[in-house]
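I have placed the structure first, in the form of structure tokens, so that the comments after it can refer back to it.
In full-length UniProt numbering, the protein residues as written are 1 to 151.
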């Protein structure tokens, strides 16, 4: 059975599209399905932020075909693991959880790197290109660990 993983940030145009693209590059698509969503509806159907596209391209990843979508309670049924980027995303997703089983699927992505420390992936949207590079590196490290767990 295929493992299904969802990456979640606020708008689904910066961090979660990068996380989706990075993890897809590290797993066997026959074994792991990866998608992304945002907790807000600000960017539904939008392409990823050009700065995310650029940093992905610099690392030989293509994420331009992704489109923003909003997280929904049905995602708890459709995904085995839900990785969020920060505590705001965490609380927003948990507010839609229907039961303990839903809540157990949700965790901060950087807890893969720093277990139990609740380190957040900063939102690079209002910053420059260096913020996107920093975010890429953080997500790459976390996605390597996630991929190893699902080989």
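Glycine residues also receive a C-beta, built at the ideal position from the N, C-alpha and C atoms.
- Using a Cβ-Cβ distance cut-off of 8 Å, the segment 77-91 and the segment 105-122 are in contact, since at least three pairs of beta carbons, one from each stretch, lie closer than that value.
- Listed as beta-bridge partners of residue 38 by DSSP are 9, 70.
- Using a Cβ distance threshold of 9 Å, residue 125 and residue 14 count as a contacting pair.
- DSSP places residue 125 outside both helix and strand once states are collapsed to three, so it counts as coil.
- Residue 65 has no beta-bridge partner at all, per DSSP.
- In the three-state reduction of the DSSP assignment, residue 96 falls in the coil class, being assigned neither a helical nor a strand state.
- Under the DSSP assignment, residue 22 falls in the alpha helix (DSSP H) whose first and last residues are 15-26.
- Excluding its 5 nearest sequence neighbours in each direction, residue 39 has C-beta neighbours in its own chain below 7 Å: 8, 10, 71, 89, 92, 93, listed in chain order.
- Under the DSSP assignment, residue 53 falls outside any beta strand (DSSP E), being part of the alpha helix (DSSP H) whose first and last residues are 50-58.
- Note that the C-beta distance between residue 54 and residue 5 is not below 9 Å.
- A direct Cα-to-Cα measurement between residue 32 and residue 148 gives close to 12 Å.
- Sequence-distant partners of residue 83 (beyond 5 residues in either direction) whose C-beta falls short of 6 Å from its own C-beta, in its chain, are 7, 109.
- In the DSSP assignment, residue 75 falls within the alpha helix (DSSP H) that extends over 75-78.
- Residue 44 sits in coil when the DSSP states are folded into three classes, being neither helix nor strand.
- Contact between the segment 132-146 and the segment 55-65 is present: 3 or more CB-CB pairs across the two stretches fall below 8 Å.
- Burial check for residue 12: the Cβ neighbour count within 10 Å reaches 16 or more, so the residue is buried.
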